[in-house]
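There are 2 protein chains.
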Amino acid sequence: MMEETSTQNIDKRIQMAAEAFQFLKNTTVTERAEFMNAVADQIEALGEDLLAITHTETSLPLARLIGEKARTVGQWRSYAKAVAAGTYTAPRIDLAQPEKQKGDLRKYNVGIGPVVIFGASNFPFAFSTAGGDTASAIGAGCPVIIKAHPEHPKTSQMMADAITAIVNAFGWPEGIFSHITGTSYEIGTYLTQHPDIRAVAFTGSFQGGKALFDIANRRENPIPVFAEMGSINPVFAFQNLLETKAEILAKEYSTSLTLGAGQFCTNPGVLIALKGNPLDRFITALKDEIKGIAPSHMLHKGIFESFEKHKTIALAQPDIEVITEAETIANEGQGRAIVIKTTARDFMTNPALSEEVFGPFGIIVTCETHEEMANIAQQLKGQLTITIAATHEDLHENLSLVNLLKDKCGRLLFNGMPTGVEVVYAMQHGGPFPSTTDARFTSVGPDAVKRFVRPISFQNWPDAFLPEELKDENPLQISRIVDGEMNSGSLKLQTT
Amino acid sequence: MMEETSTQNIDKRIQMAAEAFQFLKNTTVTERAEFMNAVADQIEALGEDLLAITHTETSLPLARLIGEKARTVGQWRSYAKAVAAGTYTAPRIDLAQPEKQKGDLRKYNVGIGPVVIFGASNFPFAFSTAGGDTASAIGAGCPVIIKAHPEHPKTSQMMADAITAIVNAFGWPEGIFSHITGTSYEIGTYLTQHPDIRAVAFTGSFQGGKALFDIANRRENPIPVFAEMGSINPVFAFQNLLETKAEILAKEYSTSLTLGAGQFCTNPGVLIALKGNPLDRFITALKDEIKGIAPSHMLHKGIFESFEKHKTIALAQPDIEVITEAETIANEGQGRAIVIKTTARDFMTNPALSEEVFGPFGIIVTCETHEEMANIAQQLKGQLTITIAATHEDLHENLSLVNLLKDKCGRLLFNGMPTGVEVVYAMQHGGPFPSTTDARFTSVGPDAVKRFVRPISFQNWPDAFLPEELKDENPLQISRIVDGEMNSGSLKLQTT
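Chains as they are written, first to last, in my numbering: chain S, 1 to 496; chain Z, 1 to 496.
Structural data, given as structure tokens:
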């Protein structure tokens, strides 16, 4: 299906990346933003061909792919805008104070070096070869070695060609972008262990992400791994909300749970609520909603088989009850929506029920008391998102529970559903372990660039040899903290 | 010497810290800044008693301790100012766009949870119980469990009492600050493995820091470790500079190398230069300088013994030559300055010569060619600092070498010496591995607070339930990125 890049060739590409880094780290934010905007234009210009190929490779509907392509182009542009503003260089200048024998200190963030990125299968554009990780790394000034996802090789090659075309058009070193193909786990290990690699980004399974994290930390010089590894994205539904909106919530939940055959990392896999009449109404409404969901093709055989396997494991647990399943029988490769029910006690004592089932699969957890809800919250592992389905009155009554849930997620929703991850500054796509390996960073939104920089401080450095971002004149007109205060001006003008 | 806090008591204190975190994470930046300023006042008020005790415990001269105390008070105040400005909450608001079906998203940084801090011996005030790590963590909204350094127990207790007095005066939960004492390695392991601990900060040896890093990464839920572990802080001296200033450089180097008995993590342990007459002049001048340095008491027996041990190992290497040693014989416990010489080839092929000798110990590495200097740069491990002793002409002639050295350090000096770490925004005290475990953060300067926060995003959250930092009205009057642009105002005023 996909040719395996040889180790020899990987070594060569990483060597080229290391050399290209010496060039790229000295480009200005303005230059990198221009590059990123050119990549955005190039991807935007890819037409029907791309969509048709990706549709064939992923089974994703064309409408979804059109949306995802626009999102991907938007990512390059919005990250470019943030890079051009100098946001991630975070310049700080403390001017010399000769009378206090204090030297001149100037700090800014610079790229950390060549980054390996593993393409994800569930977003062939937005989280793959030309996805947000690649845009972030290049925005930070880091060459990228992309490990293509083997389930959409042609899509990956088209995206790689688009980026390479811009590298050539700019006359930048070829090593800025490399496209590695292959299916073996060994390639991932080899890339992560390579001494010239400085960071890794990954979106996929817990097993895959955690393995890379461990490999990276056992290196002679450990490197950061930004792995997004999955999440059950719990919904805590409270009493007043259920009483007034059980049916509306059922419709929202069902739609979110089955969107894109449930193949989103923010899929709301668990709903937790007090037992009683309002929850019964919710369940009754949910049965009707789920029944009518037509099964749809999952991304690839591996994902489908994994869905079936994990669903089977969940269904084999004692004390669970299937409450609803889509009526239409699924064909081979299709995900058929199903929702089961269990008690808080079983959920808390049986870890198998807290495992993510990637696909259209939900668990309703019924609690006897508020205390049981709080106990579930206390025991919950880190999540990408948690949703509070509640009225203002519910919030007032459950403040300490909500406060606790803040420690368990990267994004906390007040009603609505977690699927649909906006590419904006205020997005946090990254939660406490095990949803990601590093809750301090986001993989979506312009702040994703932050993952690939580190600060360097220049002491008493001659202006002519400083990076543009730190020169007196502030030629890039970026915001800097000068002697502790925000300053967007030139220091030359101010001192004359 | 120091009572061992029992495991039971540690568990109790960590439990208290976890509970206090629920309080502390909901304090505003203003409240935490007030607390920090009160701690600064409290420490400042500690008088002769403190200085006398610390002098006895550390052998550090009173003048140095007076300076370090002022620095420590200054750290609390300058970090408080940065916290009050909201710098580390980094608020981002993307307002709802109902016509595009986009919800309201608001993100800010919140404390990550209870932090364990290991006090360092070489800065009993600035990097110990009430040092920069403690100020950073509390500024971030994280309770602190300090593991006191066993070599200055009374100093540590006085500092702990000062902080506790402010916790009580503010009526804040006692668990915000805990003082753990003991000498066993097991205590460090136990603290780092505790499931309620969310981060670790450490300043000390490579062995100690790397052990904590490994323990933290092998936890079921890995946590960040910010360990500053040592550095040989190379000085690359170039030809034109040496020709014009060999004697001045020798004086600067000698002073920095022997300052505080060489017990600074930024001590310039290695100087690299081309062989020839200018370097010979430097060495001749250095001999005179070093000869006259009076040996002084090292911090404690362990540090003295370690100095003697590592010095002996270095002196036992083949192909080294002692070029100068302080004339005065050292008493037991005193560090006697010594400088040796080796060739670039020996330095590069014998890893023992790149090991830090913590104390007044220097190596002059003589290179045959510019290429050898470049090879040393290429091979160099990560450092806290690198110093370029050069003229502008030297810089012009060695741009690619200097560019490469940027990847190897956190702070790059143009002349001057690396000892003396200013507590300012533009300071970067943290370099690539193995000088620290995480080059993306600094342990000195207000940016040190960043180590202990993570972002959380609130989607469609009612204004009344948002943290103050994110409310429409912007009651704290902090700078926020609103719809992609900097904004310090109230959103209420702007929309009416």
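We treat Cβ as the ideally placed atom computed from N, Cα and C, and that holds for glycine.
Check	Outcome
Keeping to the same chain, check which residues put their C-beta closer than 6 Å to that of S/V235; ignore five residues upstream and five downstream.	P268, L271, T387, A389
Taking S/P462 as the query, report the chain Z residues whose CB atoms sit under 8 Å from its CB, ordered along the chain.	H392, L395, F414
Helix, strand or coil: which one does DSSP assign to Z/G581?	The structure shown has nothing for residue 581 of chain Z, since chain Z only spans 1 to 496.
Determine the chain Z residues that contact S/T442 at a beta-carbon separation under 7 Å, and present them in chain order.	P455
Against chain Z, does S/E422 count as a neighbour if the rule is that its beta carbon must be under 7 Å from one of theirs?	yes
If you reduce the DSSP assignment to three classes, tell me which class Z/F170 lands in.	helix
Interface residues of chain S around Z/F458 at Cβ under 7 Å?	L412
With a cut-off of 8 Å, do at least 3 Cβ pairs link the stretch 140-155 of chain Z to the stretch 174-183 of chain Z?	yes
Note down, in chain order, every chain S residue with its Cβ under 7 Å from the Cβ of Z/I481.	Y425
Run through DSSP, which three-state label would Z/Q383 get?	strand
Taking only beta-carbon positions, decide if S/T496 is within less than 7 Å of chain Z.	Because the pLDDT at S/T496 is just 45, under 50, the model does not fix this residue reliably, and the value given afterwards should be weighed accordingly. Chain Z contact via Cβ: absent.
With DSSP as the reference, label S/T155 as helix, strand or coil.	helix
Measure the C-alpha to C-alpha separation of Z/S136 and S/I338 and round it to an integer number of angstroms.	48 Å
Taking any Cβ of chain Z, which residues in the stretch 103-124 of chain S have a Cβ under 8 Å from it, in chain order?	G103, L105, R106, K107, V110, I112, G113
With S/Y79 as the anchor, note down where its alpha helix (DSSP H) starts and where it stops.	62-84
Quick check: the Cα distance between Z/G430 and S/K107, rounded to an integer number of angstroms?	12 Å
I'd like the list of long-range same chain contacts for Z/R411, defined as Cβ closer than 6 Å, with 5 residues on each side in sequence excluded.	T385, Q428
Nearest chain S C-beta to Z/I320 closer than 7 Å, yes or no?	no
Using CA atoms only, rank isn't needed, just tell me which of Z/D41, Z/S231, Z/T58, Z/S6 is closest to Z/G302.	Z/T58
Pick out the complete beta strand (DSSP E) segments inside the stretch 227-293 of chain S, 3 residues or longer, and give them in chain order.	235-237, 270-274
Using Cβ-Cβ distances below 9 Å, what residues of the stretch 15-29 of chain S are close to chain Z?	F21, Q22, K25, N26
Is any heavy atom in the ligand GTP found nearer than 6 Å to the beta carbon of S/L62?	This structure simply doesn't include the ligand GTP, nor any ligand for that matter.
Could you tell me if Z/A165 is buried or exposed, where buried requires 16 or more neighbouring beta carbons within 10 angstroms of its beta carbon?	exposed
Quick check on S/P91: does DSSP put it in helix, strand or coil?	coil
For S/P268, return the contacting residues in chain Z, with the cut-off set at a CB-CB distance below 9 Å.	Those within 9 Å of S/P268 in chain Z number zero; the least Cβ separation is about 13 Å.
Please work out which residues of its chain come closer than 6 Å, Cβ to Cβ, to S/I456, disregarding the five sequence neighbours upstream and downstream, and give them in chain order.	V110
Grouping DSSP H, G and I as helix and E and B as strand, with all else coil, what is S/F202?	strand
Taking the alpha-carbon of Z/L105 as reference, which of Z/L476, Z/W461, Z/S479, Z/G484 has the nearest alpha-carbon?	Z/W461
So, does the CB of S/R92 fall closer than 7 Å to a CB anywhere in chain Z?	yes
Kindly list, in the order they appear in chain Z, the residues whose Cβ is closer than 9 Å to that of S/G484.	S78, K81, A82, A85, V424, Y425, P446
With three or more beta-carbon pairs closer than 8 Å as the criterion, would you say the stretch 406-426 of chain S touches the stretch 442-457 of chain S?	yes
Can you tell me whether S/P143 is helix, strand or coil according to DSSP?	coil
How would you write the range of the alpha helix (DSSP H) that Z/S400 sits in, first residue to last?	399-405
Using a Cβ-Cβ cutoff of less than 6 Å, which residues in the same chain neighbour S/C409 once the five nearest sequence positions on both sides are dropped?	Q383, T385, I386, G431
CA-CA distance, Z/V115 and Z/R13?	12 Å
Would Z/Q428 pass as an interface residue toward chain S - the criterion being a Cβ-Cβ separation below 7 Å?	yes
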